[in-house]
Amino acid sequence: MKYLVPTLALLALWQGIVWLGDMPAFILPSPLRVATALWSNAGLILQHAGVTLAEVLAGLVLGALLGAATALAMAVSPFARSLIRPALVLTQALPVFALAPILTLWLGYGLWSKVLMAVLIIYFPVASAFFDGLMRTPAGWLDLARVMGAPKRSVLWHMRVPAAIPSLASGLRLAAVYAPIGAIIGEWVGASQGLGYLMLLANGRAKIDLMFAALIVLAAMTLLLHRAVGWACDRAVARMG
Amino acid sequence: MSAPGLQVTGSAWLGEAPLFEGLDFRAVSAGWTCVLGPSGVGKSTLIRLVAGLDTGARFEGRVAASDGAPLADRVAWMAQQDDLLPWLTAAQNAGLGARMRGGRADPAAVGALLARVGLSAQSARRPAQLSGGQRQRVALARTLMEDRPVVLLDEPFSALDARTRAEMQDLAFEMLAGRTVVLVTHDPGEAARLGAHIWLMGPDGLSEVEVPEAPAIRAVDDPGCLKVQGELLKRMRAAA
Chain A
1 MKYLVPTLAL LALWQGIVWL GDMPAFILPS PLRVATALWS NAGLILQHAG VTLAEVLAGL
61 VLGALLGAAT ALAMAVSPFA RSLIRPALVL TQALPVFALA PILTLWLGYG LWSKVLMAVL
121 IIYFPVASAF FDGLMRTPAG WLDLARVMGA PKRSVLWHMR VPAAIPSLAS GLRLAAVYAP
181 IGAIIGEWVG ASQGLGYLML LANGRAKIDL MFAALIVLAA MTLLLHRAVG WACDRAVARM
241 G
Chain B
1001 MSAPGLQVTG SAWLGEAPLF EGLDFRAVSA GWTCVLGPSG VGKSTLIRLV AGLDTGARFE
1061 GRVAASDGAP LADRVAWMAQ QDDLLPWLTA AQNAGLGARM RGGRADPAAV GALLARVGLS
1121 AQSARRPAQL SGGQRQRVAL ARTLMEDRPV VLLDEPFSAL DARTRAEMQD LAFEMLAGRT
1181 VVLVTHDPGE AARLGAHIWL MGPDGLSEVE VPEAPAIRAV DDPGCLKVQG ELLKRMRAAA
């Protein structure tokens, strides 16, 4: 409901610009035209959206697992920390987008080059958020565990990991909006299906209304994904207390 | 369970600055020894040394039990923060020690202890659903579940309001009977009520002071206790 008024205002502004600026449809199609394109190409868009969604979900799961595992390794082992931390910062210094052509070259035009792009983009936020959480266990808890004679493994699983769940959750929320970016970039660089591919194709054929329709579906998909991940995270955090 | 006495002798430095020098602290076996002093004189360092915890200070000296046996595994710890894990219930928090050592606490024992601290009805609640006093009572139950002969208390009642604090003092004194208890506090009244021995710790080091005539725990309005409380506060102010 809270999105209704801003959405309507945006649509009105859009339509206003089209009318007042007398925009040709191949520069800026009217909202109505885009809606029509969306409706008449629904099957096509949905098919490509399904491909992109599969890439995003696979990237999200793999990236989250890899990121979380990296954070755990760094949290338990100072050696791993000294090894991985500089590498992690280095990967951030490197624009992941620039890697897209290489990944396509290595992994081909299929699903996996896009999945890997998504993984690369979300790996750092997940790993660093979870790692920060793991290193911020309240000192009083650690004192208590020490006096209780708890082994390190116990401290990790019973205190540090549960206490870091909210941090991991904020990393995953970010990952949910970043992952589609990776998949789309991958599709732009080289693909035969997916929303990114469809947008480029429509653009090349001056079907700007179709391009906008695909863009809207992509935005809706990302929002829904963000909502779903946020909901799951909220539940996990509530359980943690 | 025989509760040993304790002795800490030595000096500690924070960087190059001495925190305390030539310290000679003793705690009686099976009784309450209070360490009273303002913040920053090394009270916490002293009790953390006994607990085997990191102090951030360099310590040269000796921490020993009167029976000569090592202290590790014979100590329980309770701090100013209740340190309850927010995702566990009161009962699970009370049984945390066993869980942390890879086992499971005996539910009957946990139930009995929660009953003694008056929290039977709250055993399934999370810490967020408990008051500050109730949370500290769960922490006391957790300390007792460890069933250790030496119990170290680092200002455990400081964050409580006056009434709850007095109640907690009564409860803790009753439940920790027979154990060697070291209580660190900055509250002269608390030391005067609870201490079989009271040590005053100031910038110049540690000195043992006279305790009220009545045996601990003393009534809050016991004249001897109030007199000692007044004297302790005067000495603390003079030392500063």
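Residue numbers (my numbering), protein chains in the order written: chain A, 1 to 241; chain B, 1001 to 1240. By construction, the Cβ of each residue, glycine as well, lies at the ideal position given by its N, Cα and C atoms. None of the values given here were measured: they were computed from a predicted structure.
### Message
To the nearest angstrom, how far is the alpha carbon of B:Gly1052 from that of A:Ala175?
### Response
On the second sequence, residue 1052 of chain B is found 52 positions in, with the first residue counted as 1. On the first sequence, residue 175 of chain A is found 175 positions in, with the first residue counted as 1. Whole-angstrom Cα-Cα distance: 42 Å.
### Query
If you scan the segment 1154-1190 of chain B from start to end, which runs of the beta strand (DSSP E) of 3 or more residues do you find wholly inside it?
Counting whole runs of 3 or more residues, the segment 1154-1190 of chain B contains the beta strand (DSSP E) stretches 1180-1185.
#### Entry: Beta bridge counterpart(s) of B:Thr1009 as assigned by DSSP
What you label residue 1009 of chain B is simply residue 9 of the second sequence in a count that begins at 1. According to DSSP, B:Thr1009 shares a beta bridge with B:Asp1024, B:Arg1062.
### Which of helix, strand or coil DSSP assigns to B:Met1245
A question about residue 1245 of chain B goes unanswered here, because the residues of chain B that appear run from 1001 up to 1240.
### Task
Return the CA-CA distance between A:Ala183 and A:Val56, expressed in angstroms with no decimal places.
Against the first sequence, residue 183 of chain A aligns to sequence position 183. Against the first sequence, residue 56 of chain A aligns to sequence position 56. If you take the alpha carbons of A:Ala183 and A:Val56, they lie about 6 Å apart.
### Message
So, at 8 Å on beta carbons, what are the nonlocal neighbours of B:Gly1111 in its own chain, with the 5 sequence-adjacent residues on each side left out?
### Response
Locating residue 1111 of chain B in the second sequence gives position 111, where the first residue counts as 1. These residues qualify, in order along the chain: Ala1091, Ser1120, Ser1123.
### Message
In whole angstroms, give me the CA-to-CA distance for B:Leu1194 and B:Gly1037.
### Response
Position 194 of the second sequence, counted from the first residue, corresponds to residue 1194 of chain B. Position 37 of the second sequence, counted from the first residue, corresponds to residue 1037 of chain B. Taking the straight line joining both Cα atoms gives about 15 Å.
### Query
If B:Ala1057 and B:Ala1012 are in contact, beta carbons under 8 Å, what's the gap, nearest whole angstrom?
Indexing the second sequence from 1 puts residue 1057 of chain B at position 57. Indexing the second sequence from 1 puts residue 1012 of chain B at position 12. Contact between B:Ala1057 and B:Ala1012 holds, with the beta-carbon distance rounding to 4 Å and staying under 8 Å.
### Task
Could you name each continuous alpha helix (DSSP H) segment of 4 residues or more that falls completely within the segment 30-67 of chain A, going from the start of the chain to the end?
Those alpha helix (DSSP H) runs which fall completely within the segment 30-67 of chain A and span 4+ residues are 31-40.
### Query
Would a check of beta-carbon distances place B:Met1201 closer than 8 Å to chain A?
The residue you call residue 1201 of chain B lines up with position 201 of the second sequence. So, not an interface residue.
### Task
Spell out the partners DSSP gives B:Met1078 in its beta bridges.
What you label residue 1078 of chain B is simply residue 78 of the second sequence in a count that begins at 1. BP columns for B:Met1078 point to B:Leu1153.
### Query
Do A:Val147 and B:Trp1032 have their CB atoms nearer than 8 Å?
What you label residue 147 of chain A is simply residue 147 of the first sequence in a count that begins at 1. What you label residue 1032 of chain B is simply residue 32 of the second sequence in a count that begins at 1. Between A:Val147 and B:Trp1032, the C-beta gap is not smaller than 8 Å, which leaves the two residues out of contact.
### Query
Just checking, does the segment 203-215 of chain A make contact with the segment 134-151 of chain A on the three C-beta pairs under 8 Å criterion?
The answer is no - the segment 134-151 of chain A does not touch the segment 203-215 of chain A, with fewer than three Cβ pairs under 8 Å.
### Query
Counting pairs of beta carbons, one from the segment 102-114 of chain A and one from the segment 154-167 of chain A, are three or more of them closer than 8 Å?
Because the criterion of three Cβ pairs below 8 Å is not met, the segment 102-114 of chain A and the segment 154-167 of chain A do not touch.
### Under 8 Å from the C-beta of B:Val1075: neighbouring residues of chain A
Residue 1075 of chain B sits at position 75 when you count from the first residue of the second sequence. Contact annotation for B:Val1075 against chain A: Val147 [CB-CB distance below 8 Å, chain order].
### Message
Taking the straight line between their C-alpha atoms, what separation do you get for A:Thr268 and A:Arg160?
### Response
Chain A is shown from 1 up to 241; residue 268 of chain A falls before or after that span and cannot be answered.
### Task
Please report the Cβ distance between A:Tyr197 and A:Ile121, rounded to the nearest whole angstrom; I am assuming they are in contact, meaning their Cβ atoms lie under 8 Å.
Position 197 of the first sequence holds residue 197 of chain A. Position 121 of the first sequence holds residue 121 of chain A. The beta carbons of A:Tyr197 and A:Ile121 sit about 18 Å from each other, so the pair does not count as a contact at 8 Å.
### Distance between B:Leu1096 and A:Leu65 (C-alpha atoms, nearest Å)
On the first sequence, position 65 is the one that residue 65 of chain A refers to. On the second sequence, position 96 is the one that residue 1096 of chain B refers to. Each residue's alpha carbon lies about 29 Å from the other.
### Task
List the residues of chain A whose Cβ lies closer than 8 Å to the Cβ of B:Gln1081, in chain order.
Here residue 1081 of chain B corresponds to residue number 81 of the second sequence, with the count starting at 1. By Cβ distance, chain A contributes Pro138, Gly140.
### Message
B:Leu1140 and B:Val1182 - do their beta-carbons sit closer together than 8 Å?
### Response
The residue labelled residue 1182 of chain B in the question sits at position 182 within the second sequence. The residue labelled residue 1140 of chain B in the question sits at position 140 within the second sequence. Cβ distance not < 8 Å, so B:Val1182 and B:Leu1140 don't count as in contact.
### Task
Please list, in chain order, all residues of the same chain as B:Val1211 whose beta carbon is under 8 Å from its beta carbon, the five residues on each side excluded.
As a working mapping, residue 1211 of chain B is identified with position 211 in the second sequence. Excluding sequence neighbours, B:Val1211 sits near Ala1192, Gly1195, Ala1196, His1197, Ile1198, Val1228.
### Task
Compare the C-alpha of A:Ser191 against each of A:Lys114, A:Pro180, A:Arg205 and name the closest.
As a position in the first sequence, residue 191 of chain A is number 191, starting the count at 1. The question names Ser, yet the displayed sequence has Ala at residue 191 of chain A. Minimum Cα distance to A:Ala191 is reached at A:Lys114.
### Message
Could you give the first and the last residue of the continuous alpha helix (DSSP H) run that contains A:Val147?
### Response
Within the first sequence, residue 147 of chain A is the residue found at index 147, counting from 1. Residues 139-148.
### Message
Can you tell me where the beta strand (DSSP E) holding B:Leu1085 begins and where it ends?
### Response
As a first step, residue 1085 of chain B is located in the second sequence; it is residue number 85 there, counting from the start. No beta strand (DSSP E) contains B:Leu1085, which DSSP labels as neither H nor E.
#### Entry: Local Cβ density within 10 Å of A:Asn41, reported as buried at 16 or more and exposed below that
Position 41 of the first sequence, counted from the first residue, corresponds to residue 41 of chain A. Around the CB of A:Asn41, 16 or more other CB atoms lie within 10 Å, so the residue is classed as buried.
### Message
Checking the sheet assignment: what are the DSSP bridge partners for A:Thr222?
### Response
One-based indexing of the first sequence puts residue 222 of chain A at position 222. A:Thr222 is not bridged to any residue.
### Query
Can a CB atom of chain A be found closer than 8 Å to the CB of B:Ala1065?
Numbered from 1 along the second sequence, position 65 holds the residue referred to as residue 1065 of chain B. With 8 Å as the cut-off, B:Ala1065 does not count as an interface residue toward chain A.
### Query
Which bits of chain A does B:Gly1051 rub up against, with CB to CB less than 9 Å?
Numbered from its first residue, the second sequence carries residue 1051 of chain B at position 51. A small fix is needed here, since residue 1051 of chain B is Ala in this sequence, not Gly. Neighbours of B:Ala1051 on chain A, chain order: Asp143, Arg146, Val147.
### Task
Return the CA-CA distance between A:Val89 and A:Leu218, expressed in angstroms with no decimal places.
Here residue 89 of chain A corresponds to residue number 89 of the first sequence, with the count starting at 1. Here residue 218 of chain A corresponds to residue number 218 of the first sequence, with the count starting at 1. CA-CA distance, A:Val89 to A:Leu218, rounds to 30 Å.
### Task
Taking A:Met135 as the reference, give the member of A:Trp19, A:Leu20, A:Met74, A:Ile185 with the closest Cα.
To locate residue 135 of chain A, count along the first sequence from 1; it is residue 135. Comparing Cα positions, the closest option is A:Met74.
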